[in-house]
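Residue numbers (the working numbering), protein chains in the order written: chain A, 1 to 56; chain B, 1 to 193.
Backbone N, C-alpha and C define an ideal beta-carbon position, used for all residues, glycine too.
Computed from a prediction, not measured in an experiment: that's the story for all the values here.
Each remark here refers to the structure printed beneath this line.
Take a look at the structure:
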């Protein structure tokens, strides 16, 4: 188990959770931008429905 | 991660859909999505991904908020943990911390599993699946924190709630005030037992 890692007898769990949160947030940000680019045509298509409605 | 690696400023998130401003727009949007399965799937999946991340984020905020609640000057007549009331606070802190840690670990796994499943399903025949896998490996495969928390999640959900010890530390600010700070530790021996 990774619990048996190079730590002394105590683990500052809040510090580890905070670091992990920032890593996951960075990754999620990267993924969202990738998905936003891959689906840009479809998202533009959906958004154009309301934009046309408003313009017209 | 260096935000420069992807060219994305750290604080920026992509914008997605124009929000309907009134019931008529909601109705128009609903009809379009109802008539196009592909668009509908993308629309709802994007919302689902955002909600999954926000659940994870909210659980994180509550978890670290527990520490911040103690990290302020407080007035004590004597060090809190030496009193009966102090013991009650310590017990309540352990229960609350364990609850918040459980929620954080569970939502982290939910976010990872649901996202992975969706990406594999959605991009099965696309080169993006390889890009995604490479990025996951690069960031998390040798990340000790991620592996530790995954083990801790398994331990917490399938074996026992982790035994935590709150350390409430007092630092004298002036004659009448002490500044407190909270540190919560897990005992490694207990987790390995």
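Would a check of beta-carbon distances place residue 47/A closer than 8 Å to chain B? Counting from 1 along the first chain, the entry for residue 47/A is found at position 47. Output row for residue 47/A: interface = yes.
Runs of alpha helix (DSSP H) lying entirely within the stretch 80-118 of chain B, each at least 4 residues, in chain order: none
In or out: residue 60/B buried (at least 16 other Cβ within 10 Å) or exposed? As a working mapping, residue 60/B is identified with position 60 in the second chain. So residue 60/B counts as buried.
Neighbourhood of residue 20/B by C-beta, 6 Å cutoff - its chain only, sequence neighbours within 5 removed: What you label residue 20/B is simply residue 20 of the second chain in a count that begins at 1. Counting only Cβ-Cβ distances below 6 Å, and skipping sequence neighbours, we find 26, 29.
DSSP three-state call for residue 57/B: helix, strand or coil? The residue labelled residue 57/B in the question sits at position 57 within the second chain. Looking at residue 57/B - three-state DSSP - the assignment turns out to be helix.
With a threshold of 8 Å on Cβ separation, who are the neighbours of residue 32/A within its own chain once the five nearest residues in sequence on each side are excluded? The residue you call residue 32/A lines up with position 32 of the first chain. Result list for residue 32/A: empty, nothing under 8 Å.
Looking at the structure shown, is residue 23/B part of a helix, part of a strand, or coil, going by DSSP? Residue mapping note: residue 23/B aligns to position 23 of the second chain, counting from 1. Residue 23/B falls in the helix class under three-state DSSP.
Return the chain-ordered list of same chain residues with a C-beta closer than 8 Å to the C-beta of residue 5/B, the five sequence neighbours on each side being excluded. The residue labelled residue 5/B in the question sits at position 5 within the second chain. Only weak support is given to the placement of residue 5/B: the predicted model assigns it a pLDDT of 39, under 50, and the value that follows is read from those uncertain coordinates. Nothing meets the Cβ criterion.
Find the nearest neighbour of residue 36/B within the set 43/A, 37/A, 13/A, judged by alpha-carbon distance. Indexing the second chain from 1 puts residue 36/B at position 36. Closest by alpha carbon: 43/A.
Check the Cβ-Cβ distances between residue 23/A and every residue of chain B, and say whether any is below 8 Å. Counting from one through the first chain, the residue named residue 23/A turns up at place 23. Chain B, which has a Cβ nearer than 8 Å to the Cβ of residue 23/A, makes this yes.
List the residues of chain A whose Cβ lies closer than 7 Å to the Cβ of residue 23/B, in chain order. One-based indexing of the second chain puts residue 23/B at position 23. None at all; the shortest Cβ gap to chain A is about 12 Å.
Out of 24/B, 104/B, 123/B, which has the shortest C-alpha to C-alpha gap to residue 149/B? Along the second chain, read from residue 1 onward, the residue named residue 149/B stands at position 149. Ranking the options by Cα distance to residue 149/B, first place goes to 104/B.
Between which two residues does the alpha helix (DSSP H) containing residue 15/B stretch? As a first step, residue 15/B must be located in the second chain, where it is residue number 15. Run containing residue 15/B: none; DSSP gives neither H nor E here.
Nearest chain A C-beta to residue 145/B closer than 8 Å, yes or no? The count along the second chain starts at 1 and reaches residue 145/B at position 145. Closer than 8 Å to some Cβ of chain A, the Cβ of residue 145/B qualifies, so yes.
Relative to chain A, which residues along the stretch 82-105 of chain B have a C-beta separation below 9 Å, given in chain order? 97, 101, 104, 105
For residue 55/B, which residues from the same chain have a beta carbon less than 8 Å from its beta carbon, with the 5 sequence-adjacent residues on both sides left out? Here the question's residue 55/B lines up with position 55 in the second chain. Hits under 8 Å: 107, 110, 111.
Between which two residues does the alpha helix (DSSP H) containing residue 125/B stretch? Indexing the second chain from 1 puts residue 125/B at position 125. Unbroken run through residue 125/B: none, as it is neither H nor E.
What first and last residue would you give for the alpha helix (DSSP H) that runs through residue 54/A? Walking along the first chain from the start, residue 54/A turns up at place 54. Counting along the chain, the alpha helix (DSSP H) containing residue 54/A begins and ends at 40-55.
Look at the Cβ atom of residue 32/B, then the Cβ atom of residue 51/A, and state whether they are nearer than 8 Å. Translated into the one-based positions of the second chain, residue 32/B becomes position 32. Translated into the one-based positions of the first chain, residue 51/A becomes position 51. No, Cβ-Cβ distance for residue 32/B and residue 51/A is not below 8 Å.
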